[in-house]
Structures are given as structure tokens and as C-alpha cells.
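Engineer: Numbering (the working numbering), first residue to last: 558 to 622. All residues carry an ideal CB built from backbone N, CA and C; glycine is no exception.
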Amino acid sequence: MLSRVRKCSFCGSEIPVGCGLMYVKRDGTIQWFCSRKCRVSMLEFHRDPRKLKWTEYHGKKERGS
558 MLSRVRKCSF CGSEIPVGCG LMYVKRDGTI QWFCSRKCRV SMLEFHRDPR KLKWTEYHGK
618 KERGS
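1. Let's see if you can read the secondary structure: which residues bound the beta strand (DSSP E) around Val581?
2. Specify, as a first and last residue, the run of the beta strand (DSSP E) that Phe590 falls within.
3. Between Pro606, Val574, Cys568, which has its C-alpha nearest Phe590's C-alpha?
4. Going by the DSSP bridge assignment, what does Lys594 pair with across the sheet?
5. With 16 other CB atoms within 10 Å as the buried threshold, where does Arg596 fall?
Shown next, in the form of C-alpha cells:
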């Protein structure tokens, strides 16, 4: 069996096997979250991870621009 380390869709940290939360949107896309803090920040507060210093995406530009 192949174990796969996932990456948090909000902060970018690695999620060990057996941990985290998988969220499936209505259009079928899957988002992985390492904590409630990340899930609430993205889904309820609609925060931009590039503007928060504690994420790995802080200061990065959008792709294609």
C-alpha cells in the first residue's frame, strides 16, 4: 500500500497519513486541510493565504501573471 503525504490547500503544510480533513466541493474538486484554522479561514472567512504570514504561500504571486 502506498502512503501519500497530502498538502494543505490553505497553508501548504504537509498532512501526515490519517490526519487532516478532506472537503469535497459541489463541483467535485477536493480540498485538504490540516486544521480547523485553515478550513475556517478558507471556507468561511474567504481569506487569501498569500496575505497571511503563517502560510507557506505568503508573498507569492498568482500563476500566469
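Structural biologist: Put simply:
1. 578-581
2. First-last of the beta strand (DSSP E) with Phe590: 587-590.
3. Ranking the options by Cα distance to Phe590, first place goes to Cys568.
4. DSSP lists no partner for Lys594.
5. buried
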